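One structure is given here, and the rest of the page talks about it.
In the working numbering, the protein residues as written are 1 to 449.
As structure tokens, then:
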């Protein structure tokens, strides 16, 4: 299996070692446009260089070196200059900001000016909006984070329910957001932490997904491992991957058929499960009908749930993931038509889509700053603006002139510029039992503490 990073690395290797192939791509794709270029790492940059000819390049990139917040993934503010030098690119600056109130733009300009690694000659942001209220910016301080969280949630509670999905609580670390979610629960305010979920984790849906993947690629050992692990949770029978792989020699190397025969050979398999596995041989192996298999798999899961031997934890998150599976499956069928969706296409579509459930109705979104990039909200609550939170402990340890501190400053820049109408900044004297000093970014923005 290759993950996304490995695919890029192998593409780079191919294009760099086979220049004739690179030239063919350059002839076919003569115009290249890259958005959010500042987030590229070294391998992605090498891929771009392999796809774009050095002479007469037709390359257009959109980037902002004030929003480089993925240095942990290899992004580097200097890469923009490297791009400029390699392709002799012209620079067009677009400093007009149509999102934020003027007071937020002023804070952002004050803050980011303290970063010395910015592009030479970069213009300040210019607010396009006209200020119509004195409430665009609010700053509050508290004795303890528990008070801070309670106040933020009480503010959200007073917000009209239909307006809450235009509000966001931003924090540098998920630990702060977890406390906000807990306080929302106490005060009866629907809220959720938006996190992209790339895999199913409940035992039933993990088993179903792995079975379909193995049906699509019959010698995928990783899917055999997932099948065995999930089956142990569902049925209690411990099938060994090595036994399944060894037995596949009797089935022309077909791991799926071997797994089914190995499972059926277990004397302790329940009647319900045995019936389902026999039917799976017919639907998935012989007829290759993945739609009928999916339907019967969910019938099997429902039957397992009501068995006396069912373990409570086996079906943790099952109902939620079952709902998500149904939503995704309906979306795919509506988009392409059921008869046009092959097993391979279905799996590909599932891989491209997030597995997170739909948010609760009228719920407040809670995001880490990294997750908020590219988004905008009418009301932004930026919590925990203290030393060792924002900036992080690691950046504080490295010092004010470090690359880490510059990135933390860009984190704060990204956070405050999510605000369309109002920005509320909060901080406390104590967090989780430890005394904290107000963030240096407050004074850098021009906020008097």
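Beta carbons: idealized from backbone N, C-alpha and C, even for Gly. All of these numbers come straight from a predicted model, not from anything done at the bench.
Cβ-based burial, residue i [other Cβ within 10 Å; buried from 16]
i, result
"residue 135", "exposed"
"residue 345", "exposed"
"residue 257", "buried"
"residue 326", "exposed"
"residue 10", "exposed"
"residue 450", "No answer is possible for residue 450: the residues shown for the chain start at 1 and end at 449."
"residue 252", "exposed"
"residue 415", "buried"
"residue 205", "buried"
"residue 130", "exposed"
"residue 100", "buried"
"residue 27", "exposed"
"residue 342", "exposed"
"residue 370", "exposed"
"residue 383", "buried"
"residue 178", "exposed"
"residue 77", "buried"
"residue 183", "buried"
"residue 215", "buried"
"residue 109", "buried"
"residue 449", "exposed"
"residue 120", "exposed"
heavy atom of the ligand MN below 8 Å from residue i C-beta
i, result
"residue 31", "Ligands are entirely absent from the displayed structure, and the ligand MN is therefore not among its contents."
Residue i versus residue j: straight-line alpha-carbon distance, rounded
i, j, result
"residue 35", "residue 60", "9 Å"
"residue 354", "residue 319", "17 Å"
"residue 398", "residue 111", "19 Å"
"residue 443", "residue 114", "11 Å"
"residue 270", "residue 358", "35 Å"
"residue 405", "residue 43", "25 Å"
"residue 366", "residue 88", "42 Å"
"residue 328", "residue 190", "24 Å"
"residue 385", "residue 45", "34 Å"
"residue 335", "residue 411", "37 Å"
"residue 232", "residue 240", "10 Å"
"residue 102", "residue 15", "47 Å"
"residue 188", "residue 157", "8 Å"
"residue 213", "residue 200", "13 Å"
"residue 324", "residue 350", "11 Å"
"residue 361", "residue 172", "25 Å"
"residue 234", "residue 297", "12 Å"
"residue 31", "residue 193", "39 Å"
"residue 144", "residue 138", "18 Å"
"residue 12", "residue 372", "30 Å"
"residue 165", "residue 418", "14 Å"
"residue 180", "residue 421", "22 Å"
"residue 39", "residue 75", "5 Å"
"residue 338", "residue 347", "14 Å"
"residue 220", "residue 255", "7 Å"
"residue 154", "residue 186", "11 Å"
"residue 79", "residue 152", "39 Å"
"residue 55", "residue 62", "21 Å"
"residue 375", "residue 25", "33 Å"
For residue j and residue i, believed in contact at Cβ under 8 Å, the rounded distance
i, j, result
"residue 437", "residue 387", "5 Å"
"residue 71", "residue 321", "Between residue 321 and residue 71 the Cβ distance is about 34 Å, and since that is not below 8 Å, they are no contact."
"residue 170", "residue 380", "6 Å"
"residue 275", "residue 293", "Incorrect: roughly 14 Å between the Cβ atoms, too far for contact."
"residue 247", "residue 227", "Not quite, the Cβ-Cβ distance comes to about 14 Å (not below 8 Å), so this is no contact."
"residue 432", "residue 168", "Wrong, their Cβ atoms sit about 23 Å apart, outside the cutoff."
"residue 441", "residue 390", "7 Å"
"residue 413", "residue 85", "Actually they do not touch by this definition, with Cβ atoms about 25 Å apart."
"residue 107", "residue 445", "4 Å"
"residue 196", "residue 317", "Not confirmed; about 16 Å, so no contact."
"residue 304", "residue 277", "With a Cβ gap of about 13 Å, residue 304 and residue 277 do not count as contacting."
One or two residues paired with residue i in a DSSP bridge
i, result
"residue 126", "96"
"residue 425", "139 and 382"
"residue 167", "379"
"residue 228", "Answer is none; residue 228 lacks a bridge partner."
"residue 59", "32"
"residue 191", "364"
"residue 419", "377"
"residue 318", "Partner(s): none; residue 318 has no beta bridge."
"residue 438", "386"
"residue 431", "434"
"residue 131", "None; residue 131 has no bridge partner."
"residue 249", "Partner(s): none; residue 249 has no beta bridge."
"residue 392", "388"
| task | Take every Cβ of the region 393-409, pair it with every Cβ of the region 419-436, and state whether three or more of those distances are shorter than 8 Å. | result | no
| request: Say whether the region 41-52 touches the region 11-22, bearing in mind that this needs 3 or more beta-carbon pairs closer than 8 Å, one atom from each stretch. | output: yes
| field | Three CB pairs or more closer than 8 Å across the region 87-101 and the region 117-130 | value | yes
| query | Does the region 283-290 come within contact of the region 261-270, defined as at least 3 CB pairs closer than 8 Å? | reply | Using a C-beta cut-off of 8 Å, the region 283-290 makes no contact with the region 261-270, since fewer than three inter-stretch Cβ pairs fall below that distance.
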